[in-house]
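One structure below.
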Amino acid sequence: MALHFQSLAELEALCTHLYIGTDLTQRIEAEKALLELIDSPECLSKCQLLLEQGTTSYAQLLAATCLSKLVSRVSPLPVEQRIDIRNYILNYVASQPKLAPFVIQALIQVIAKITKSGWFEVQKDRFVFREIIADVKTFLQGAMEHCIIGVIILSELTQEMNLDPLSMGFSRQEYWSGALPDPGIEPESPVSPALQVDYSRPSAKHRKIATSFRDTSLKDILVLACSLLKEILAKPLNLQDQDQQNLVMQVLKLVLNCLNFDFIGSSADESADDLCTVQIPTTWRAIFLEPETLDLFFNLYHSLPPLLSQLALSCLVQFASTRRSLFSSPERAKYLGNLIKGVKRILENPQGLSDPGNYHEFCRFLARLKTNYQLGELVMVKEYPEVIRLIANFTITSLQHWEFAPNSVHYLLTLWQRMVASVPFVKSTEPHLLDTYAPEITKAFITSRLESVAVVVRDNLDDPLDDTTTVFQQLEQLCTVSRCEYEKTCTLLVQLFDQNAQNYQKLLHSASRVTVDMAIQEGRLAWLVYLVGTVVGGRLTYTSTDEHDAMDGELSCRVFQLISLMDTGLPQCSNEKIELAILWFLDQFRKTYVGDQLQRTSKVVRLRSDVSRVPEKAWKVVKVYARMSEVLGITDDNHVLETFMTKIVTNLKYWGRCEPVISRTLQFLNDLSVGYILLKKLVKIDAVKFMLKNHTSEHFPFLGISGSYSLSDFRCRTAFYTALTRLLMVDLGEDEDEFENFMLPLTVSFETVLQIFNNNFKQEDVKRMLIGLARDLRGIAFALNTKTSYTMLFDWMYPTYLPILQRAIEQWYGEPACTTPILKLMAELMQNRSQRLNFDVSSPNGILLFREASKMICTYAISETEPVVLSTLGMSHPGPHELHHQLRSSCTPVCPHIHLRGTHCS
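Numbered per the working numbering, the sequence shown finishes at 906, counting up by one with no gaps.
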């Protein structure tokens, strides 16, 4: 489409089609035409025409977009032309302050890009593009509209200087393509050798510019912004004046951009919020030592409406995150004291915290306090006793209102977790009072979650238990808090567990069960099981005593009783949430009291009644298993492992159609099968022997291939066979007969597939069966880490069954659900883990493996590219084998250089 714009009307019509048009064809044509405009010699004149005579904001936006692309090219415009563009835009926005906000924003971005790209450019012995700071001051001295524009310019410039394209995920090719702003230096510009920047490293250029901007201008911008805020606060605030509100908002955003600046080039990940420390330059120290600086932002919080006050709190979050080394010890104590006074003032006047934005930022603020300051420093603050009481009450209230801003609770729990974890290291004689308030926090969390169940069920709300990621995160934080004054926590949980378990049993034996009441009771039991697992797991994070171990046993005893009750009711009485909670508890108990953890965490004594000198029999764990021995007959971790395996087998039998339970159960089984000590104990258990001999769909329905199971559910099978093969390997050695017996169910399945293939019958069943087999074999191959065991698997697969997988690739090459598991299996077979592919010199297995892998790769590649190849060679539509032979006969032979990573062929 040739570009001949005869009138302004044509340009504005294109803008309309581009920004608000509904016709896709017209929009595409408009995009093409406007891309040509950017490359046209008339670009600048047309942009000027749109800005000066355009009748719509979209025309002005188009002009700003074109200018932004123009100044971002790899080959920058001449210095004089860029200066003219910058000055023109400054004059334009000054003369028309009532432009649409998005137009002003786009034009200011052009100024920021020009300034950054020419930051080091010199003309007549002066840095011409750094004069923007002085130019902006003229805006700040003008009317309200001009002042707002001046602040936006500084804010946008600060953001642009802090923007590293490569840290945002852009490649160097994208950076240099002109699609991104290029902060390069014009080659012919007279640049000092000290300011030369490596053009081949965009990040290095960015850091050079950002560092210079930080050292020469950023502090002045922050001081200027703070002085503007002081002037605003000194006058009566008219909150009904939109211009004044807009000015305050823009100034607060400017301060926040200054404090968020990447001062040391760390490119910190914003998602790592709780680990952030603001690396304030030492030259800024005087600003932070002035008490008036913090007071300014606390006063702004109390004076402004919620939309603006949360920006003030965001700034305070950054002030609280200031690096410790900026201050001496006395200065740090004084600075912390001012922060604590501000916290106290906010909590004494909590009206503003009813706004979710303010509430969230204040929670972040509290968490940052403990991140950057030690508990020993906090307790030395005069207001600490009163402030910790207020924070505790605030936390309790927040936990009780669980439906309000649930994502903010993370920060409060982070605060208390770190406070409690610091208790053993406090050397100060001042009381920390955590033994008073931590149990109250734990109690509030427990009771609020139990009370939420009835509301969720009756009002049909989203259940917090469904968001397992958030639940696990909160429980991991609570586990440390709950171990402070553990006696109180344990007493509360025992009381609540007994009460709810009794109510649940009554409902089970009731003739007329009320569905709502049953759902409420099951939800409460699920929460209680999660909580018991949490406090038991907390033993690893907090100093514990023998009495605490006994309490763990008391709580665990109740959960094991509940497991027995739930399993006896299967399959009629079942609840997915309780099952998932039980698996969480079992995993926490395993980490704390089973296997190798036993020797590191449990107090053991020699029983007087045991005169045996055999170490395994002579040493018994007393405290944690005392109550469990009396009630359940569980005397040590061997009995616990039997309970674990019985539960795993039960879940795999009865929960085959519930992917979350099966997946979590298999993850638990995998975790059990990792340690050698546990493996030696597990293989002696009858449930494990049963699994090794009966891993079929008859006993474990999730191994079935019926259409009622989703193909995505088959992924569980890999984890199952990985764990099962680890158990098999303990006593396998070189016993090929034992391995053949283990592989018998898979042998039967492959023979069935082969028979169906030959009869061309029920192809869908064959496909599902092959998907399952590929996932099974991948799990087995992953666990075989010795040359002997791997050779057994290869001899079993070749030459009988690998061709079946080859045929499956030919048959269903266009279905990723089938090809992906098979190709992943081949990739696993290629992995030379623990040198398992180092076959004997006389063995042809290496060559055979390479040949089969190459054949599968070629078959898959040829099948996928068949349409393109056929159209190129003018062939009919042969199958993959015929196509392969035709290609070999009609194309120039090429010797493929294939490197299979990790494969060692003899």
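Just so it is clear, CB atoms sit at the ideal spot from N, CA and C, and this is done for glycine as well. Computed from a predicted model, the values in this text were never measured in an experiment.
Judging by CA-CA distance, which residue of PRO356, LEU434, PHE750 is the nearest neighbour of VAL913? Look at the range of the chain in this structure, 1 to 906, and you will see that residue 913 is not part of it.
Find out if the Cβ-Cβ distance for the pair PHE585, VAL640 is shorter than 8 Å. Not in contact: PHE585 and VAL640 (Cβ atoms no closer than 8 Å).
Entirely enclosed alpha helix (DSSP H) segments - the segment 101-160, minimum 4 residues: If only uninterrupted alpha helix (DSSP H) runs of at least 4 residues are considered, those enclosed by the segment 101-160 are 101-117, 132-140.
Helix, strand or coil for THR56, going by three-state DSSP, please let me know. DSSP places THR56 in the coil class of the three-state scheme, outside both helix and strand.
Going by alpha carbons, who is nearest to LEU339 out of GLY357, LEU308, LEU289? Minimum Cα distance to LEU339 is reached at LEU289.
Taking C-alpha atoms, which residue in TRP655, LEU724, ILE634, GLY656 lies nearest to LEU682? When C-alpha distances from LEU682 are compared across TRP655, LEU724, ILE634, GLY656, the shortest belongs to LEU724.
Decide if the segment 799-817 is in contact with the segment 767-782; the criterion is three or more beta carbon pairs, one per stretch, under 8 Å apart. Yes, they touch.
Drop a sphere of 10 angstroms on the beta-carbon of GLU361, count the other beta-carbons inside from all chains shown, and report buried for 16 or more, exposed for fewer. Only buried fits GLU361, as 16 or more other CB atoms lie within 10 angstroms of its CB.
What beta strand (DSSP E) runs, 3 residues minimum, are completely inside the segment 716-774? Fully enclosed beta strand (DSSP E) runs of 3 or longer: not present.
When you compare the CB positions of VAL494 and LEU555, do they come within less than 8 Å of one another, or not? Contact flag set, yes.
Counting Cβ pairs closer than 8 Å, one from the segment 234-252 and one from the segment 204-215, do we hit at least three? By the Cβ test, the segment 234-252 is not in contact with the segment 204-215, since fewer than three Cβ pairs between them sit closer than 8 Å.
Any alpha helix (DSSP H) of 4 or more consecutive residues that is wholly inside the segment 197-279: Fully contained in the segment 197-279 are the following alpha helix (DSSP H) runs of length 4 or more, in chain order: 202-213, 219-234, 242-259.
May I ask you to list the residues that DSSP assigns as paired with THR283? Looking at the DSSP assignment, THR283 forms no beta bridge with any residue, so it has no partner.
With a threshold of 8 Å on Cβ separation, who are the neighbours of VAL317 within its own chain once the five nearest residues in sequence on each side are excluded? Cβ neighbours of VAL317 beyond the five flanking positions: GLU361, ARG364, PHE365, ARG368.
Ordered along the chain, which non-local residues of its own chain (more than five positions away) have a Cβ less than 6 Å from that of THR643? Listed in chain order, the non-local C-beta contacts of THR643 below 6 Å within the same chain number zero, local neighbours out to five positions each way being set aside.
Apply the 10 Å Cβ neighbour rule to PRO183 and answer buried if 16 or more other Cβ atoms are within range, or exposed otherwise. Low local confidence applies: a pLDDT of 34 at PRO183 is under 50, so the model's placement there is unreliable, and no value is given.
Taking C-alpha atoms, which residue in THR429, LEU44, ILE346 lies nearest to LEU375? Ranking THR429, LEU44, ILE346 by Cα distance to LEU375 puts THR429 first.
Considering only residues of the segment 816-862, which uninterrupted alpha helix (DSSP H) runs meet the minimum length of 4 residues and lie entirely inside it, listed in chain order? Qualifying alpha helix (DSSP H) stretches, in chain order: 816-830.
Are there 16 or more other CB atoms within 10 angstroms of the CB of ASN372, so buried, or fewer, so exposed? The residue is buried, with at least 16 neighbouring Cβ atoms inside 10 Å.
Tell me the rounded alpha-carbon separation between ASP735 and LEU744. Put simply, the backbone Cα of ASP735 is about 15 Å away from that of LEU744.
Nearest neighbour of LEU229, chosen from GLU738, LEU652, SER564, VAL251 [CA to CA]: Of the candidates GLU738, LEU652, SER564, VAL251, VAL251 places its Cα closest to the Cα of LEU229.
Which one of PRO844, LEU247, ASP737, PHE213 has the shortest CA to CA distance from ALA225? Considering only alpha carbons, the answer is LEU247.
Who does THR322 pair with in a DSSP beta bridge? In the DSSP output, where bridge partners are listed per residue, THR322 has VAL278.
Is it the case that the segment 11-18 contacts the segment 65-76, given that we only count it when at least three CB pairs across the two stretches are under 8 Å? Segments in contact, no.
Beta-carbon contacts of SER663 that lie in its chain and below 7 Å, excluding the five residues immediately before and after: Sequence-distant partners of SER663 (beyond 5 residues in either direction) whose C-beta falls short of 7 Å from its own C-beta, in its chain, are CYS716.
Just tell me which of ALA134, PHE127, ILE148, SER117 has its CA closest to the CA of MET161. Out of ALA134, PHE127, ILE148, SER117, the CA that lies nearest to the CA of MET161 is found in SER117.
Along the chain, where does the alpha helix (DSSP H) containing PHE589 start, and where does it finish? Where PHE589 is concerned, the enclosing alpha helix (DSSP H) stretches over 576-593.
Residue nearest to LEU49 in terms of C-alpha spacing, selected from LEU583, ALA64, GLN26: Comparing Cα-Cα distances from LEU49 to each of LEU583, ALA64, GLN26, the minimum goes to ALA64.
Can you tell me where the alpha helix (DSSP H) with LEU565 in it begins and where it stops? Segment 546-568, the alpha helix (DSSP H) holding LEU565.
CA nearest to the CA of PHE668, picked from ILE685, GLU383, LYS647: Per the Cα distances, LYS647.
Rounded C-beta distance between ASP296 and PHE319? I'm assuming under 8 Å. According to the sequence displayed, residue 296 carries Leu and not Asp. 10 Å between Cβ atoms; not a contact.
GLY265 versus VAL110, THR211, GLY352, LYS382, residue with shortest Cα-Cα distance: When each option's Cα is compared against that of GLY265, the closest is THR211.
Does LEU461 come out as helix, strand or coil in the three-state DSSP assignment? It is coil, neither helix nor strand.
Nearest to PRO571 (by Cα), restricted to the options ALA626, ASP552, TYR654: PRO571 has its Cα closest to that of TYR654, out of ALA626, ASP552, TYR654.
Would CYS484 and VAL420 be called neighbours here (beta carbons separated by less than 8 Å)? If you check the CB distance, CYS484 and VAL420 come in under 8 Å.
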